[in-house]
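See structure below.
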Amino acid sequence: MVASTASERVDLELDTAFTISRGSTVETTNHLVTVTDRAGRVGIGGAAPAAYYGEDGDSVAAALPDLLAAVESVGDPGEWQTIERRLAEIAPDEAAARAGVSVAVHDLVARQRDEPLYREWGLDPERAPATSVTVGIDDPEEMAARAREWRTASDSGTASDSGTASDSGTASDSGTASDSGAAGYPALKIKLGTGDDRARLRAVREAAPDASLRVDANGDWSADEALAALPWLDDLGVALLEQPVSGDDHAGLARVTEAAPMPVAADESCVTATDVPDIADAVDVVVVKLMKCGGLGPARRQIAAAHASGLDVMLGCMVETGAAIAGAAHLAPLVTYADLDGALLLAEDPCTGLSLPDGEIDLAAVERGTGARRR
């Protein structure tokens, strides 16, 4: 049974300024959530609010006391479905806050059973894809330098996607290192959407010729602009195109998907499982994020809805602590793509998380729970 709950606001600096088409940031606010049982076992989660979805640090702080009171009222963390229903009733518009509580509850349940979370769901850890790591918008030279750093870096903090080298010298979207044996993150997600995007992407490709490249415009292009970009995106070996047009332009998204030589993914266009039917004929891939949909239970439902509609899934994140990333990572065996680099963008992560050497999501190394702990 639950003995106590707590939350802590953490204001975090990023390792470097992070820019997307909607703006730039050098810091972010997360909340750490803990749920402790009578034996002293502690489940930990993280909430990472995004202004785009109507949340911020203050709104999460305001919602968490009532959400945690609901956890204590239910009492048994094993009743997580009841808990998540209560959370949705209490704070329907605070998805990140609910996600932080959800991860903490699931972490505690798995710790009580002395097993890793993925095993609770009967998943095979070897099926987890690797994760991409993101290069934010900057001038071409800086983006090239960042891409080169990630492509050769080796870090134990996040996961990567699929990216083997193809015969043309660029990488396919498989998530393993190239045949040359180069260490580092094999898949890079490149933020575009402002200014000379073509020059930026060309510079990145030259800096990381064997990387699997994904492009995310965060909805900044019009459908016509996206269609015009498709030839040079293809020439530069882009393996996946994420949210090329505005989140509410489903017709434009469908036009781009029909013409695109690479898979097209919906992020802002598909927030929860209920959005999947509306977008199913317009894209190839749905992006699922705990901070959008409200937790691990809602994420599993969104993944199931996408698969039922014949869509692939990318597991994504915001700029998050290792506590949140670790929770999401246990869903990785269910998806085709992973983009779980949020904690890597922090100057200092207040949590230790899942081991992700060279982008590999190493679920098999987790002994119990999500694998995350407070430093």
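Residue numbers for the sequence shown follow this note's numbering, so the first one is 29 and each next one is one higher. We put the beta carbon where it would ideally sit given N, CA and C, even for glycine.
Among the options, whose alpha-carbon lies nearest the alpha-carbon of residue i?
i: residue 138; options: 71, 263 and 48; result: 71
i: residue 147; options: 177, 394 and 84; result: 394
i: residue 41; options: 297, 374 and 328; result: 374
i: residue 52; options: 219, 379 and 378; result: 219
i: residue 268; options: 288, 242 and 176; result: 242
i: residue 123; options: 81, 306 and 153; result: 81
i: residue 180; options: 213, 172, 151 and 159; result: 213
i: residue 301; options: 399, 327 and 224; result: 327
i: residue 175; options: 252, 152, 215 and 141; result: 215
i: residue 308; options: 227, 164, 65 and 338; result: 338
i: residue 253; options: 227, 222 and 391; result: 222
i: residue 260; options: 158, 251, 65 and 288; result: 288
i: residue 111; options: 54, 43, 324 and 245; result: 324
i: residue 169; options: 86, 340 and 229; result: 229
i: residue 376; options: 109, 166, 151 and 38; result: 38
i: residue 141; options: 292, 29, 283 and 35; result: 29
i: residue 10; options: 313, 304, 299 and 329; result: It is not possible to answer for residue 10, since the shown part of the chain is limited to 29 through 403.
Can you check whether the CB of residue j is closer than 7 Å to the CB of residue i?
i: residue 311; j: residue 294; result: yes
i: residue 381; j: residue 345; result: no
i: residue 131; j: residue 322; result: no
i: residue 96; j: residue 57; result: no
i: residue 266; j: residue 290; result: yes
i: residue 61; j: residue 128; result: yes
i: residue 280; j: residue 236; result: no
i: residue 391; j: residue 227; result: no
i: residue 360; j: residue 400; result: no
i: residue 397; j: residue 159; result: no
i: residue 349; j: residue 378; result: yes
i: residue 255; j: residue 233; result: no
i: residue 149; j: residue 133; result: no
i: residue 77; j: residue 84; result: yes
Checking the sheet assignment: what are the DSSP bridge partners for residue i?
i: residue 34; result: 62
i: residue 213; result: In the DSSP output, where bridge partners are listed per residue, residue 213 has none listed.
i: residue 284; result: According to DSSP, which records beta bridges pairwise, residue 284 is partnered with nothing at all.
i: residue 341; result: 314
i: residue 39; result: 57
i: residue 243; result: 218 and 269
i: residue 370; result: Looking at the DSSP assignment, residue 370 forms no beta bridge with any residue, so it has no partner.
i: residue 401; result: 380
Counting only beta-carbon separations shorter than 7 Å, does residue i have a partner in chain C?
i: residue 156; result: The chain inventory of the structure shown lacks chain C, comprising one protein chain alone.
Could you give the C-beta distance for residue i and residue j, rounded to a whole number, given that I count them as a contact under 8 Å?
i: residue 331; j: residue 363; result: 7 Å
i: residue 358; j: residue 145; result: 4 Å
i: residue 63; j: residue 102; result: About 11 Å separates the two Cβ atoms, so there is no contact after all.
i: residue 75; j: residue 88; result: 5 Å
i: residue 171; j: residue 231; result: 6 Å
i: residue 316; j: residue 341; result: 6 Å
i: residue 125; j: residue 91; result: 4 Å
i: residue 286; j: residue 244; result: Not quite, the Cβ-Cβ distance comes to about 20 Å (not below 8 Å), so this is no contact.
i: residue 343; j: residue 367; result: 7 Å
i: residue 246; j: residue 48; result: 5 Å
Measuring from the CB of residue i, is there a heavy atom of the ligand SAH at a distance below 6 Å?
i: residue 297; result: Ligands in the displayed structure: none, and consequently the ligand SAH is not present.
query: Hey, which unbroken runs of the beta strand (DSSP E) at 3 residues or more fall wholly within the stretch 127 to 186?
result: 161 to 163
query: At what residue ranges does the stretch 255 to 324 contain a whole run of the alpha helix (DSSP H), taking only runs of 4 or more?
result: 278 to 287, 304 to 307 and 318 to 321
query: Which runs of the alpha helix (DSSP H) fall wholly inside the stretch 44 to 127 and span at least 4 residues, in chain order?
result: 85 to 102 and 108 to 118
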